[in-house]
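Protein sequence lines, in the order shown, are assigned to chains U and H.
Each residue of the first sequence is one higher than the one before, starting from 0 at the first, in numbering that gives the first Met the number 0.
Each residue of the second sequence is one higher than the one before, starting from 0 at the first, in numbering that gives the first Met the number 0.
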Amino acid sequence: MILVIAVIAGLTGGLIRARIKKRYYQAKPLRFPWLVLLALIPQWLVFTLPAARNMVPDLIVSIILVLSQTVLFIFAWINWKTPGFWLLAGGLVLNLVVIMANGGFMPIAPDTAQWLIPNLSGEPWEIGERFVKGKDIILPIEKTALYFLSDRFRTPAFDLYRAAFSLGDCFIAAGAFWLLWAMGGKKYAKLT
Amino acid sequence: MKKQFNSRVALFVMTLVLFVLGAGAPAAGGGIINFIFGPLF
């Protein structure tokens, strides 16, 4: 959700920018866009599809996550020259490095997990357990490799929305915003 | 006059959204928004 917000903000800002300056809102063609779909389908299966997410063993899920993100990195590398992609690729690498260093999942501290879902008070999270069958795994700070790259940042504490995110997520959000904002920029022809 | 938001832009944005969802790893939990929509990965 926090990444989707960055996309919506960049898209809205870029469209308004183009409209005010009477420019087209134009996109450069991306090379090999099907790679993204190829990477996302396995993730969708193991993290979203209810039947699969409870059946597939954690080891397989972690391998799928690492392979999927590697394919996404290849896509970002191929499209390196598109503005903002170096930020997207940088964020992806930061996430991938910390995921690989912690057994194939993004680490999250038990107190952050507790903060995310406070209703489960009294049932402490088990160390090494996956957080709501997603990309995160519960690990105490002292057992987390590269803790500074883990899901350690929190959204402002109010009850509308709670999420924890990593430094890599910040880069990805910034890259997505920049890319969509730039599409309303000077390089494109004026509206006629 | 050309449409300001054409099909190439739509494809670009859709690809970007999928990339961002796959590359990012935030964890979502509580809050009204997550209660309604579920924790988007």
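We put the beta carbon where it would ideally sit given N, CA and C, even for glycine.
{"query": "My assumption, with CB atoms under 8 Å, is that L91(U) sits in contact with A75(U). Please give the rounded CB distance.", "result": "6 Å"}
{"query": "Counting contacts by CB-CB distance shorter than 9 Å, is V16(H) in contact with chain U?", "result": "yes"}
{"query": "Scan the region 76-97 of chain U for residues whose Cβ lies nearer than 7 Å to a Cβ of chain H and list them as they occur along the chain.", "result": "L87, G90, L91, N94"}
{"query": "Measure the beta-carbon distance from L14(U) to G183(U) and round it to whole angstroms, keeping in mind my assumption that it falls under 8 Å.", "result": "6 Å"}
{"query": "If you draw a straight line from the C-alpha of P32(U) to the C-alpha of T14(H), how long is it?", "result": "7 Å"}
{"query": "Beta-carbon of Y146(U) versus every beta-carbon of chain H: anything under 9 Å?", "result": "no"}
{"query": "Could you give the uninterrupted runs of the alpha helix (DSSP H) lying entirely in the region 72-122 of chain U, keeping only those of 4 residues or more?", "result": "84-100, 109-115"}
{"query": "Considering just the uninterrupted stretch of the alpha helix (DSSP H) at F176(U), what are its terminal residues?", "result": "166-181"}
{"query": "Run through DSSP, which three-state label would F11(H) get?", "result": "helix"}
{"query": "Going by DSSP, name the residue or residues bridged to F152(U).", "result": "F164(U)"}
{"query": "Compute the Euclidean distance between the alpha carbons of L48(U) and L145(U), then round it to the nearest angstrom.", "result": "30 Å"}
{"query": "Just how far apart, CA to CA, sit F176(U) and P41(U)?", "result": "26 Å"}
{"query": "Hey, how far is the Cα of M99(U) from the Cα of S67(U)?", "result": "12 Å"}
{"query": "Do you know how far the Cα of L17(H) is from the Cα of K185(U)?", "result": "26 Å"}
{"query": "How long is the line joining the alpha carbons of F46(U) and Y24(U), rounded to whole angstroms?", "result": "34 Å"}
{"query": "How is I137(U) classed by DSSP in three states: helix, strand or coil?", "result": "strand"}
{"query": "9 Å is my cut-off, CB to CB: does K142(U) come that close to chain H?", "result": "no"}
{"query": "Does any C-beta atom of chain C lie closer than 9 Å to the C-beta of I126(U)?", "result": "This model lacks chain C altogether, as its protein chains are U and H."}
{"query": "Within 10 angstroms of its Cβ, does T11(U) collect 16 or more other Cβ (buried), or is it exposed?", "result": "exposed"}
{"query": "Only counting the same chain, and skipping five residues up and downstream in sequence, which positions put a Cβ closer than 8 Å to that of G133(U)?", "result": "F46"}
{"query": "Output yes or no for whether 9 Å exceeds the beta carbon distance between D135(U) and P106(U).", "result": "yes"}
{"query": "Given a cut-off of 9 Å, decide if L148(U) and L93(U) are closer than it, judged by their beta-carbon atoms.", "result": "yes"}
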